[in-house]
Amino acid sequence: MVDLKAQYQRHKTEIDNSIQSVIDSAVFIKGNIVAEFEKQLSNFIGGANVISCGNGTDALQIAMMALELKPGDEVILPAFTYAATAEVIALLGLTPVLIDVNEDTFNINVNLIEAAIGPKTKAIVPVHLFGQCADMETIMKIASKHNLFVIEDAAQAIGSIFTFSDGS
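Quick look at the structure:
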């Protein structure tokens, strides 16, 4: 598990100064500070497009809407997650399919995913918890095999790394 308080203490001055600069600017939406944050986050995660959101719920909703999923489509997610993960799925008229978690990591149990896939399944939402990545190598293989979208919920693990094996 990750000691969030210890992490905060290591970066306290930088975090507090950054928050204060946003407050001082009184520009809370868009603006130069947000643009710089998005640029730095994009660089940090390898050049992906970044849209900053007020919360992870909005981010999940935007991602699912961008995929043009249809009401009744099924989305697989771990049973142990923040309520908003399932709420967004239901809000969009999609059907959440809950999968038990790995008892060692609390991330989705990849051994149970394929049994949950049906004709209406369109996506998998692995939720990376406590700074630990879900088993993305297995999840991506399953998604590829069944032509499913993968929407990673990394709200609790931004910057964590999952290394794919080299096959040996």
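Read in my numbering, the sequence shown has 107 at position 102, and its numbers run on one by one without any break.
Glycine included, each C-beta is placed from N, C-alpha and C at the ideal position.
The structure displayed is predicted, hence computed values, not measured ones.
Less than 7 Å divides the Cβ of Pro101 from the Cβ of Ile94. Residue pairing from DSSP places Ala128 in a beta bridge opposite Val80, Phe154.
The DSSP-derived three-state label of Ile122 is coil.
By the criterion of a C-beta distance shorter than 8 Å, Phe42 is surrounded in its chain by Ser57, once the five residues flanking it on both sides are discounted.
The beta carbon of Asn112 sits closer than 8 Å to those of Pro83, Val106, Pro131, Val132, His133, Leu134, Gln137, Cys138, Ala139, Asp140, all from its chain and outside the five residues before and after it, given in chain order.
Looking at the backbone, the Cα of Leu46 and that of Ala40 are separated by about 10 Å. Where Leu103 is concerned, the enclosing beta strand (DSSP E) starts and stops at 100-104.
When rounded, the separation of the alpha-carbon atoms in Gly61 and Met69 is 12 Å. In the three-state DSSP reduction, Leu74 falls in the coil class, being neither helix nor strand.
If you ignore the 5 residues before and after Glu92, its C-beta comes within less than 8 Å of the C-beta of Thr62, all in its own chain and listed in chain order. Straight-line spacing of the CA atoms in Ser165 and Gly123 works out to 31 Å. Here DSSP, grouped into helix, strand and coil, assigns Leu117 to helix.
Excluding five sequence positions before and after Asn114, the CB atoms of its chain that fall closer than 7 Å to its own CB belong to Ile104, Asp105, Val106, Asn107, given in chain order. One thing to note: Ile38 has its Cβ no nearer than 7 Å to the Cβ of Ile81.
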